[in-house]
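Step one of this worksheet: look at the structure below.
Chains as they are written, first to last, in my numbering: chain A, -11 to 475; chain B, 5 to 352.
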């Protein structure tokens, strides 16, 4: 087998891409300079009341910018389409775009559906009016689909943990030393210092992030909302106490907290299990209060609903916190949990402690945001109206204040998933929590950085993957903010 | 104002006490003590040997008592060995039990002995802080002015070309954590694979002899992550000021645009970023830990990693005291500064 080059037989596109990139950079610089130097366009009011502006030099520059940008997008699409069609004969890029085929298809379907029905989809639909939001959403969904399909073994070319002989630190596109039947013939992005496939590890790493980050952020939001709303609404002693506790956690440097919490020794003492048992109660409280405050006037409907919802939630909660029959299982004592035949899933201690500490670090910030919003919104007229109507305090908090605070909260949710991703990477970077051979991006960056001065390829793909995912989340948050401000 | 500061200082002390107790509790859990005993003695110690080591060094008392000893409000533990000699926390090498004081905690100015560095904690922390202080100084010098300039330029005209480009840049830097940007910088500027080799990939030499070549990359890596955030805050504050009534009045009077920005808008626009810059210090602390590990610069963050990795209790406590102190003092300064800079709050 021949080693693959980066672009193979579609190398004729490379000079075009370089040209387009050069043009884009040039037009951005000219655009910025022109916006400072040139006078602003003169608007003239026509007799019929419409405005028209002269098509001056500014418009010319903007057109150049737009077309060079479109050219780059077109070329990127050409690379991908040709890659999908030609596969490995289009080099590494071609092979990779072919591997990502399920992701491209899902993205196309998602975008086609969303744009077709965008007027019926509320805030989500409005996202497709803002280019920034669309780019961000695309980046995020790319990694979400990659994670899901990677977990289904669709995209990966090799086992992320398998070490193949002769592939140690090999550059991207190296063919396997000894090819067996049914194996993919190349290491598309090279091998790391333990001769594992960098490409497959990067794809598998996406699944770890996609699994943990949104879920941990959601739990942090549940905790923050359940505590922040009463703190803001009632104020007084409760507020002082909760704010003090939140500030206490916030005053801790995050890394010190991680180093204290996420160690095998702490896992052995059962501290993370206690924290999990406390933190994971909040979603149940949240759900229970949410439904009860809405339907308590209709007990016939409320009681079965609450029994059903809380029953399922409690079952999930117990299976979440109990592992092989115990809630806490240390050498000196143990506490019984759900029996194993009822236990839906087991979370390994390493993952649980990572999850718990990420929730723990995030929830005080969410608490502060929610508290601030509640303080602001509780002075509004519709809250006073609800109070006059005789609604209970929890109804006002959860069904009057919370829906009206959703804009900033959704934006912060996106930003916070990005921040959680960064935190997970930090944990991996310091080798805390997750097992050392795990393909998550932080651990891979940490391993790759040791040989960085000679071999770039093991560390750069996960670094760029993490960068693009977090960038996507930030752009998405920006797009959402812009669109929600337009209302 | 005096009462306000006094109250804040009181809250600070309570916070610091709670946090150090938390650190104390977590580091004194039995598995951690066992690990400490094994790293200090040897890794094949039996359970009884671990027990006797811990007993001898007074680790087996209850946590509140040990915490009181560390604070210096309780007399410290002494252990009489079989040969009649007395050992304890306060008894430094070369002193007898009678000569030594019975209280030795941070109230007496004694921070303990680092088991990793085999030095007194106060010297370790002092030396490492000096190194990190130098790093932070250059980070601030690079980050604050460039972030403010970026933010002001972007916020002068909302939606303009400059605004779009600079905002995109700012978003990108906030989305790039230090361990990503550091790795990318090392890959591009120091590796033999790319071949630029403009800078050094480690900053170990920078501890004695900082030069542009070995010190710029760590500084840039920390500064970039914080820069984007400050720039975005500055931009938001600047755009708000630029739409204010008095700016419109100035424009209608015929004041030139540069004069409006420099003389009318800038001062008011810089109030909010001031607090943001102050609140960035805790975040910079995280960046410092990552970058010092990445570039092998043996400062405060590096010491934190070493202390935490080896469960060096005394050093960890000192480090958490210092970092909590930094966080709380910057919060205090930002509050006072905000009141001082913003006359509207001062009057009400």
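Glycine included, C-beta positions come from ideal geometry on N, C-alpha and C.
Query, Result
"Which residues, taken in chain order from the region 38 to 72 of chain A, show a beta carbon closer than 7 Å to some beta carbon of chain B?", "none"
"So, does the CB of residue 324(A) fall closer than 8 Å to a CB anywhere in chain B?", "no"
"Flag residue 466(A) as yes if its beta-carbon sits less than 8 Å from any beta-carbon of chain B, otherwise no.", "yes"
"Anyone know if the C-beta pair for residue 150(B) and residue 316(B) falls short of 8 Å?", "no"
"Hey, is residue 233(B)'s beta-carbon within less than 8 Å of any beta-carbon in chain A?", "no"
"I want to see whether chain A comes within less than 8 Å of residue 36(B), judged by CB atoms only; does it?", "yes"
"Where residue 62(B) and residue 92(B) are concerned, what is the direct C-alpha to C-alpha distance, given to the nearest angstrom?", "8 Å"
"So, does the CB of residue 379(A) fall closer than 8 Å to a CB anywhere in chain B?", "no"
"Can you tell me whether DSSP reads residue 96(B) as helix, strand or coil?", "coil"
"Anyone know if the C-beta pair for residue 138(A) and residue 194(A) falls short of 8 Å?", "yes"
"Run down chain A in chain order and give the residues with a C-beta less than 7 Å from the C-beta of residue 180(B).", "455"
"Specify, as a first and last residue, the run of the beta strand (DSSP E) that residue 324(A) falls within.", "322 to 324"
"Where does the unbroken alpha helix (DSSP H) through residue 132(B) begin, and where does it stop?", "125 to 160"
"Specify the secondary structure class of residue 171(A) as computed by DSSP and reduced to three states.", "coil"
"I'd like to know if residue 413(A) contacts chain B, where contact means its C-beta is closer than 8 Å to some C-beta of that chain.", "yes"
"Any C-beta of chain A sitting closer than 8 Å to the C-beta of residue 60(B)?", "no"
"Excluding the 5 residues flanking residue 77(A) on each side, which residues of the same chain have their C-beta closer than 8 Å to its C-beta?", "-4, -3"
"Just the C-alpha distance for residue 33(B) and residue 285(B), rounded to the nearest angstrom, thanks.", "30 Å"
"Just list the alpha helix (DSSP H) runs in the region 164 to 247 of chain A, keeping only unbroken ones of 4 residues or longer that don't cross its boundaries, in chain order.", "186 to 222, 224 to 238"
"What residue range is occupied by the uninterrupted alpha helix (DSSP H) comprising residue 282(A)?", "269 to 283"
"With C-beta atoms as the reference, is residue 331(B) less than 8 Å away from residue 239(A)?", "yes"
"Just to confirm, are residue 345(A) and residue 249(A) a CB contact at a threshold of 8 Å?", "yes"
"Can you pull the chain B residues whose beta carbon is under 9 Å from the beta carbon of residue 103(A), in chain order?", "Under the 9 Å cutoff, chain B gives no residues; its nearest Cβ is about 24 Å from residue 103(A)."
"Considering only their Cβ atoms, is the gap separating residue 197(A) from residue 133(A) smaller than 8 Å?", "no"
"Please check the pair residue 424(A) and residue 162(A), which I expect to be a contact at CB under 8 Å, by giving their CB distance rounded to whole angstroms.", "About 25 Å; that fails the 8 Å criterion."
"Counting Cβ pairs closer than 8 Å, one from the region 162 to 180 of chain B and one from the region 10 to 23 of chain A, do we hit at least three?", "yes"
"Would a C-beta distance cut-off of 8 Å place residue 422(A) and residue 325(A) closer than the cut-off?", "no"
"Would you mind giving the Cβ-Cβ distance between residue 174(B) and residue 236(B), rounded to the nearest angstrom? I have them listed as a contact below 8 Å.", "5 Å"
"Considering only the alpha carbon of each residue, which of 87(A), 453(A), 302(A) lies closest to residue 142(A)?", "87(A)"
"Which residue comes first and which comes last in the alpha helix (DSSP H) that contains residue 12(B)?", "6 to 31"
"Could you give the distance in angstroms between the alpha-carbon of residue 39(A) and the alpha-carbon of residue 48(A)?", "19 Å"
"Under 7 Å between beta-carbons, which chain A residues line up against residue 200(B)? List them in chain order, please.", "None at all; the shortest Cβ gap to chain A is about 12 Å."
"Between residue 79(A) and the rest of its own chain, which residues show a CB-CB distance below 6 Å, the 5 nearest in sequence each way excluded?", "-8, -7, -6, -5, -4"
"DSSP beta-bridge partners for residue 40(A)?", "32(A)"
"Kindly indicate which three-state DSSP category residue 251(B) falls into: helix, strand or coil?", "helix"
"Tell me whether residue 310(B) is buried or exposed, calling it buried when 16 or more other Cβ atoms sit within 10 Å of its Cβ.", "buried"
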